[in-house]
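**Q** If you read the sequence shown in the numbering used here, its first letter stands for residue 368, the second for the next number, and so on. For every residue, glycine included, the Cβ atom is placed at its ideal position computed from N, Cα and C. Owing to the predicted nature of the structure, the values given are computational and were not obtained by experimental measurement. If you scroll down you'll find the structure; I have some questions about it.
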Amino acid sequence: MTPDWKNAEHLQIWVKRDDLIHEVISGNKWRKLRQSIRYALANDIQHIVSFGGGHSNHLHALGYVCSALKLKLTAIVRGHYHNDFTPMLRDLKAWQADIHFVDRKTYQLRDDDAYLTALSQQYPNAMFIPEGGSSEHALTGVSEILRELKQPYDYILAPVGSGGTLAGLITGASAQVSDKQPSIIGIGVLKGQDYLEALVSNLLLKQALAPAQQANWHIEHGFHFNGYAKSTPELNAFCQHVNHTLGIPIEPVYSGKLFWAAKALIEQNTFAAGSRILLLHTGGLQGARD
């Protein structure tokens, strides 16, 4: 793409449109769920349990997949939307998902061993998929992105929410010949300095990928706009401008913050002239519905 950003003319900027993979299971949700669902089908698992908020792209994609494959889905949702269903929750209901609302304190236990043990007793024989789909299976699916690229890149930028996409990109980049490895830059979409790094590092360790084996990566934390799904009139206007001038639909939760960060970093001369930069559009446009 050729955006009207300061210093952009000195760089080669590309966008991988993973939002175009499927009209519902778009972007990184296809990547992250693909191997998990394959595992469930191969092991005759008929019930999936997972977690998310009221606008969750992950639960939306998972709900569609489970409906299409006639798998039971139990969605544990943060917040009480009983009388105010979001568009995402209305879709889940139409797809026959079993929706359970919990308060924020309970939701914070979603990775707690004791809580998960209790849930596994409540839902025996179910497969649990973490928030955002960021399981160990997800890394394999996301890492396939690197094998699809038709040319080398110096930098790959992607939004970071639950860590799985970034960990998968690092896994894929680390497998490349060392002189062709791109630097992976995550754009934090929520307040999560150190927390997001820990999520990514833990996923990489589960893949037995020690720090010395990992491609160069880091997370930028200055572009979250004060929190997850938080926005400003300026960010909303920027998303509309990108859509109008470049023909790329973006939203303020994930892709909008990615593009905003890319613009800011480019204008700050973060990248050497001639660098090849790839922005990964991870989909999620449904999350911006009113």
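Report back the beta-carbon spacing between Leu570 and Leu483 to the nearest angstrom; my notes put them in contact at under 8 Å.
**A** Rounded, the Cβ-Cβ distance is 17 Å, inconsistent with contact.
**Q** Taking only the alpha-carbon atoms, compute the straight-line gap between Arg545 and Pro454 and give it to the nearest angstrom.
**A** Per the sequence presented here, residue 545 reads as Ser, with Arg not at that position. Cα-Cα distance, rounded: 45 Å.
**Q** Taking DSSP as the reference, what is the three-state secondary structure of Val544?
**A** Residue state, collapsed to three classes: coil.
**Q** Under 8 Å, with one C-beta from each stretch per pair, do the stretch 384-391 and the stretch 406-420 reach the 3-pair mark?
**A** Counting Cβ pairs under 8 Å, fewer than three are found: no touch.
**Q** To the nearest angstrom, how far is the alpha carbon of His588 from that of Ala407?
**A** For His588 and Ala407, the distance between alpha carbons rounds to 35 Å.
**Q** The beta strand (DSSP E) spanning Gly584 covers which residue range?
**A** This sequence places Trp at residue 584; Gly is not what is there. Element bounds for Trp584: 584-587.
**Q** Could you spell out where the beta strand (DSSP E) holding Met494 opens and where it closes?
**A** Residues 494-496.
**Q** For Gln379, which residues of its own chain have a beta-carbon under 6 Å away from its beta-carbon, when the five flanking residues on both sides are left out?
**A** Closer than 6 Å at the Cβ level, and outside the excluded window around Gln379, lie Arg643.
**Q** Suppose you measure from the CA of His467 to the CA of Ala375; what does that come to, to the nearest Å?
**A** Distance between the alpha carbons of His467 and Ala375: 47 Å.
**Q** Quick one: give me the first and last residue of the beta strand (DSSP E) that Lys373 is part of.
**A** Premise fails: Lys373 is in no beta strand (DSSP E) and is neither H nor E.
**Q** Nearest-angstrom Cα distance between Ser541 and Thr473?
**A** So the alpha carbons of these two residues sit roughly 37 Å apart.
**Q** Beta-carbon within less than 7 Å of Ser598's beta-carbon, same chain only, minus the 5 sequence neighbours each way: which residues are those?
**A** Cβ neighbours of Ser598 beyond the five flanking positions: Phe592, Pro619.
**Q** Can you give me the C-alpha to C-alpha distance between Ile586 and Arg656, rounded to a whole angstrom?
**A** Using only the alpha carbons, I get a separation of about 27 Å.
**Q** To test your reading of the DSSP string, which unbroken alpha helix (DSSP H) runs of 4 or more residues are found completely within the stretch 594-657?
**A** Counting whole runs of 4 or more residues, the stretch 594-657 contains the alpha helix (DSSP H) stretches 600-613, 622-634.
**Q** Please confirm whether Val509 and Arg398 have their CB atoms less than 7 Å apart.
**A** Taking 7 Å as the Cβ cut-off, Val509 and Arg398 qualify as a contacting pair.
**Q** So Ile388 is in the alpha helix (DSSP H); what residue range does that whole segment cover?
**A** Per DSSP, Ile388 belongs to no alpha helix (DSSP H) and is neither H nor E.
**Q** Whole beta strand (DSSP E) runs in the stretch 409-478 with 3 or more residues, listed along the chain?
**A** As far as the stretch 409-478 is concerned, its whole beta strand (DSSP E) runs of at least 3 residues are 414-419, 439-445, 465-469.
**Q** Roughly how many angstroms separate the alpha carbons of Leu497 and Val382, rounded to a whole number?
**A** Residue identity check: residue 497 is Pro in the sequence provided, not Leu. Approximately 28 Å between the Cα atoms of the pair.
**Q** Buried or exposed for Ala639, going by 16 or more other Cβ atoms inside 10 Å?
**A** It is exposed - the Cβ of Ala639 has fewer than 16 other Cβ atoms within 10 Å.
**Q** Identify which residue in Leu440, Cys606, Leu400, Asn395 has its Cα closest to the Cα of Asn492.
**A** Taking only the C-alpha atoms, the option nearest Asn492 is Leu440.
**Q** Classify Ser502 as helix, strand or coil using the three-state DSSP reduction.
**A** Ser502 falls in the coil class under three-state DSSP.
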